[in-house]
Every structure is written in C-alpha cells, then in structure tokens.
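J.:
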Amino acid sequence: MTQQHVVAGVDGSLVSIRALDQAASEAARCGAVLRVLYAVPDRDEAGPVLASAAARVRERHPHLPVETHAVEGDAVRALARESADAVLTVVGTRGLGGLAGFVLGAVSTRLAARTRGPLMVVRGDCPRGDHSDDDRCRDVLLGLADDTDTEAADYALREAETRGARLRVLHSWTHRHTTPEPPSPIPATSPGQRRQAALYRAEEAVPRFALAGMRELHPGVEVEARTVRTAPAHALVEATRDAAVVVVGSHRPGGRHGGHPGPVTHALLHGAHCPVVIVPGG
C-alpha cells in the first residue's frame with residue numbers, strides 16, 4: 000500500500016521556505032511522507048535547493064520521511080499532476096504585494112484553478128502560521144458557498160479533528176431584492192414577504208445540509224456554524240483573523256481544470272490572515 004504524501008513546491012525563495020515549513024508540519028501531523036518538488040528548466044539547477052530544503056526539514060522533523068524531486072517544465076502543470084495523488088499540496092505566495100519566486104506570474108492563482116487535490120497556499124506576508132504564539136487562533140474555518148461544498152466540509156472536519164481544534168463554519172450570502180434586515184418574528188403575509196422568509200430559511204440551513212452525515216463521523220470536533228448576510232469575500236477574509244487555516248471549495252463546471260478561481264478564493268489568496276486550503280469539488 001502506497002503511503003500518503005504531502006507535496007511542497009519550492010524554489011529557494013523565502014516565500015517557498017515558509018511554505019516548506021508549513022508542509023512539513025502538515026505531513027508530520029497526518030503521518031505522511033513529505034515530497035519536495037522543484038520545477039526548473041534544467042534539473043541540475045535544482046540540486047542545491049532541494050538538498051537545502053531536505054536538510055531544513057530533517058533538522059526540524061527528524062523522524063519525518065522526506066523525498067526530493069526535480070522536474071523539468073512548467074511548475075503549475077507539475078504541481079497539478081502531483082496533487083492528484085497527494086493528501087495536500089502546499090505552495091507559497093507573496094500576497095497583496097505581488098507574487099514571488101516560483102509563483103511568479105500568478106502560479107499560485109493558476110494552480111488554484113487546476114489542482115486535482117487539496118491545495119494550501121501560504122502567504123509570505125501572512126503574520127500567522129503553524130508556529131503562531133497566539134493560542135486564540137487555533138480554529139479551522141470553513142467557508143461555505145452552498146450546501147454542495149461537501150468535499151470542503153469533509154476536509155475541514157478531518158483537519159479540525161487532526162489538529163484537535165474547533166471547526167467554525169461560515170456561510171455568507173447576498174441576493175438582490177432582499178432587505179438587509181433578518182426576517183421579522185411576525186408571520187409573513189404578502190407573497191413577497193413569504194418568498195423572502197423562505198429564502199432566509201434556506202440560506203440558514205446551508206451549513207446543516209453541507210455537514211449532514213459527516214459530524215457523526217467526527218464526534219470529538221466542536222462545530223460552530225454561522226450564517227451572515229454580507230459580501231462573502233469580505234466576511235471570510237475578516238474571519239481569518241482568528242483562524243489557523245481557512246478551507247473553501249472550488250467548483251468547476253463539468254469537472255474541467257483550468258480557468259481562474261472565483262472571487263472569494265481570489266480574495267483569500269491575496270488577503271487572508273492564515274493559510275488557505277482550496278478543495279476541488281464537482
């Protein structure tokens with residue numbers, strides 16, 4: 000039986016070193032092999048970078064199995080290919096100030112739209128990661144677009160269980176032609192009021208349906224669910240201030256790989272205060 004592995008994309012930059020450290024922590028936490036990957040035009044160039052990366056990991060995690068691989072060609076294609084069999088793929092990005100190293104040219108953004116397995120993006124300017132001293136920021140945050148985000152919900156529950164953390168579920172929504180106030184306790188009378196009340200009830204139920212049948216499999220995980228009516232991107236970015244990691248789903252019509260991540264994912268990649276995990280769905 001093939002052992003599970005976590006993939007880390009590196010290039011020797013400070014940003015990729017931060018991603019490497021996070022990937023090593025994730026691999027150690029779930030008992031996986033760490034596979035360090037460097038995509039370059041010439042494989043000979045990768046030797047020193049990969050050797051340095053392996054030495055760093057072994058110094059910090061002496062018992063963690065480490066593999067290093069140099070591949071020729073495009074980094075996005077190489078990492079997307081590796082992600083198909085990985086429990087997690089980890090890359091770095093500089094964040095709002097631009098992209099650095101092997102993520103130059105928006106590789107992290109392109110990979111977010113092409114990954115075949117869970118992808119973690121670690122911002123180089125993110126103030127918090129696995130080594131944060133702030134004990135308040137231990138929660139796993141799950142951002143739900145709708146009740147079809149079952150793959151992301153499953154990943155978030157397992158991640159919270161592995162970390163021994165609480166799972167905070169946030170569903171944020173906006174619709175035209177609805178008032179910003181929550182439904183009145185007074186029974187709706189007009190057809191418009193009844194439609195709006197039904198809409199609110201449906202949106203409030205999204206977390207419950209997305210997690211249906213899963214919570215029983217992780218009885219030790221404390222779950223706190225919340226539905227808010229505001230712009231999803233803004234709500235999630237703000238919620239990451241108190242999270243160790245945020246998990247979101249990625250939906251591709253027809254299962255296609257490519258294109259661009261949605262506005263919420265894009266906002267998180269450039270503004271989240273913690274690492275972002277993107278879980279591809281149907």
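Everything in the sequence shown is counted per numbering that gives the first Met the number 0, starting at 0 for the first residue and increasing by one.
For each residue, glycine too, the CB sits at the ideal point set by N, CA and C.
(1) Pick out the complete alpha helix (DSSP H) segments inside the region 196 to 255, 4 residues or longer, and give them in chain order.
(2) Can Val247 and Gly142 be called in contact, C-beta distance under 7 Å?
(3) What residues are listed by DSSP as bridge partners for Ile277?
(4) Might you give, ordered along the chain, the residues of its own chain that have their beta carbon closer than 7 Å to the beta carbon of Glu203, omitting 5 neighbours on each side?
(5) How long is the line joining the alpha carbons of Ala209 and Gly116, rounded to whole angstroms?
(6) With a threshold of 6 Å, establish whether the CB of Val227 neighbours any heavy atom of the ligand NAP.
(7) So, do the region 211 to 220 and the region 155 to 163 have three or more beta carbon pairs nearer to each other than 8 Å?
(8) By Cβ distance, which residues of its chain are closer than 8 Å to Arg28, with the 5 residues on each side in sequence left out?
(9) Any idea what DSSP makes of His269, helix, strand or coil?
(10) Is Arg113 near Ala79, with beta carbons less than 7 Å apart?
(11) Can you name the start and end residues of the beta strand (DSSP E) that Glu44 belongs to?
(12) What are the boundary residues of the beta strand (DSSP E) that Thr88 is part of?
(13) Examine the Cβ distances between the region 32 to 46 and the region 55 to 69 and report whether three or more of them are shorter than 8 Å.
(14) Taking the alpha carbon of Gln21 as the reference point, which residue from Leu166, Val121, Glu150, Ala53 has its own alpha carbon closest?
(15) Looking at the structure shown, is Thr67 part of a helix, part of a strand, or coil, going by DSSP?
T.: Once the coordinates are examined:
(1) 205 to 209, 231 to 238
(2) yes
(3) Leu118, Val247
(4) Thr226
(5) 19 Å
(6) No copy of the ligand NAP appears in this structure; indeed no ligand is present at all.
(7) yes
(8) Thr161, Arg162
(9) helix
(10) yes
(11) Glu44 -> no beta strand (DSSP E), and no H or E assigned at all.
(12) 87 to 92
(13) yes
(14) Val121
(15) strand
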